[in-house]
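One structure is given here, and the rest of the page talks about it.
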Amino acid sequence: MTSRLAVLSLLLGASCAGFPANDVVGIADQAPLPYSVFVTGGSFLEVESLAAERPVPRTFPADGGVELIRLAEIGDAMTAGRVFVRTVVDTDRAADARSRVAGQRADLPLDKDADFSALLEEARAAGHDFLVVVQRLADGPIEDYGVNDRWPLTASLWVLVGLGIFIPDHTFESRATLQAGVYEVQTGRLVHRAVGAAGPVDLSLVDRGSAIGFLQSIIIPPFWVATDDDRLVERVGRSTVQRLVSGLARQLKSPACRQDLAEGARARIEVLPSGEVRVRADEPLGAAALRVDGVAVDAERSSFARDLLASEEDDGVGGFVYTGNTLGAREGRFLQVLVRTVSGEVASVTFDRGDR
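Each residue of the sequence shown is one higher than the last, beginning at 0 in numbering that gives the first Met the number 0.
Written as structure tokens, this is what we have:
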């Protein structure tokens, strides 16, 4: 029990230490998805029935329900990777309440649960376009892919200078996943599900071996020395925590997520750096509004809604096209454009005016 708690402590310590910046820097150069999101839920560990014959059937030596990764760390990865135009993390809600939200897999049952309705109302009032719910961290076995193609280098260094134990010549992969759902803040409808995976990791004997294994490597090539399971769980678990966070950020910024969020809207809104707004809708618009940094723009001072609705044109394929301009909106960084169709469908996007 003591060793299991020690390993869990190491994993949690790795989580709190943060993720490697270069894990998400590759996607930071890509344009963010044009939305403001509120991130809630959490990485509460879910332990499923795992194959008993697996040599290492679990990645995390912890009981179910433990929140292994701080929600703020997941939000930091999304911000560093510029996944969305604006990302705000749910820091005030208690872990028990977030765990309940994280357990929801389908559309949020707004008609049956006042807490979910209040959550979406909070997100709407703060000027967000979508709710991102981190739904679970599902544990999984560690796959052993055996000796990789670096073994000749290990053998050479082992023979020449006795340093083969430092060459990562074994490949492993955790099957644990970190999942999240993206929900409409107006209806609670699930529009996209993302899954972050860890991917393979190469380990040397120093990373995967025991003290006895180090002694054995004096007379046996390191790549033939057996792996110590406890050491493997410690090392792969630490790496997996970091990789799951960055993997989820990458999935949320993927073309598939971008497409799902855009196609799920009844109106497609484009905001140009000049401040011009273009809207294509399947049915006529009934209303429009602006928010700046979460605060509604006074309709009496802005002609945006009136001008946008007055610009209605037939797009020739059964839809409608609108154009307007946001230059009259007050100063601020995050500009949110909202439109509502005559049937009550709401769509919105957020534009970072500080990123022009």
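Using N, Cα and C, we set each Cβ at its ideal position, and we do this for glycine too.
- prompt: Count the other CB atoms within 10 Å of the CB of Glu-275; is the residue buried (16 or more) or exposed (fewer)?
  reply: exposed
Helix, strand or coil at Thr-400 according to DSSP, with G and I counted as helix: Look at the range of the chain in this structure, 0 to 355, and you will see that residue 400 is not part of it.
- prompt: Along the chain, which unbroken stretches of the beta strand (DSSP E) at least 3 residues long are found entirely within the stretch 139-196?
  reply: 141-146, 169-173, 176-183, 189-196
message: Please state whether the Cβ-Cβ distance between Val-133 and Leu-177 is less than 9 Å.
response: yes
field: Pick from Ala-113, Arg-230, Glu-72, Gly-163 that is closest to Pro-60, judged by C-alpha positions
entry: Arg-230
field: At least 3 beta-carbon pairs within less than 8 Å: the stretch 249-260 vs the stretch 317-337
entry: Contact between the stretch 249-260 and the stretch 317-337 is absent, because fewer than three Cβ pairs lie under 8 Å.
- request: Find out if the Cβ-Cβ distance for the pair Gly-208, Ile-141 is shorter than 9 Å.
  value: no
task: Sort Val-87, Leu-67, Val-38 by Cα distance to Arg-237 and report the nearest one.
output: Leu-67
task: On a CA-only basis, which of Val-235, Pro-221, Asp-128, Asp-227 is nearest Arg-188? Give me that one, please.
output: When only C-alpha atoms are compared, the closest one is Asp-128.
task: With DSSP as the reference, please indicate the residues paired to Pro-220 in a beta bridge.
output: In DSSP, Pro-220 forms no bridge with anything.
- request: Would you mind reading off the limits of the beta strand (DSSP E) that contains Ile-268?
  value: 266-270
message: I'd like the span of the alpha helix (DSSP H) that includes Phe-59, first residue to last.
response: No alpha helix (DSSP H) contains Phe-59, which DSSP labels as neither H nor E.
- prompt: Hey, is the stretch 20-39 in contact with the stretch 73-91, meaning 3+ C-beta pairs nearer than 8 Å?
  reply: Counting Cβ pairs under 8 Å, three or more are found: they touch.
field: Rounded Cβ spacing between Glu-183 and Val-194 (contact assumed at less than 8 Å)
entry: With a Cβ gap of about 20 Å, Glu-183 and Val-194 do not count as contacting.
query: Does the distance from the CB of Ala-304 to the CB of Ala-280 come in under 9 Å?
result: no
- prompt: Between Phe-222 and Thr-153, is the Cβ-Cβ spacing less than 9 Å?
  reply: yes
message: Pop quiz: Ala-266 and Leu-289 are said to be a contact at Cβ under 8 Å. What is the actual Cβ separation, rounded to whole angstroms?
response: Wrong, their Cβ atoms sit about 15 Å apart, outside the cutoff.
- request: Please check the pair Val-270 and Phe-350, which I expect to be a contact at CB under 8 Å, by giving their CB distance rounded to whole angstroms.
  value: With a beta-carbon spacing of about 4 Å, Val-270 and Phe-350 fall inside the 8 Å limit used to define contacts.
Local conformation of Gly-285 per DSSP, three classes: strand
Inter-residue Cα distance where the pair is Val-65 and Ile-26: 30 Å
query: Does the distance from the C-beta atom of Glu-330 to that of Val-320 stay below 9 Å?
result: no
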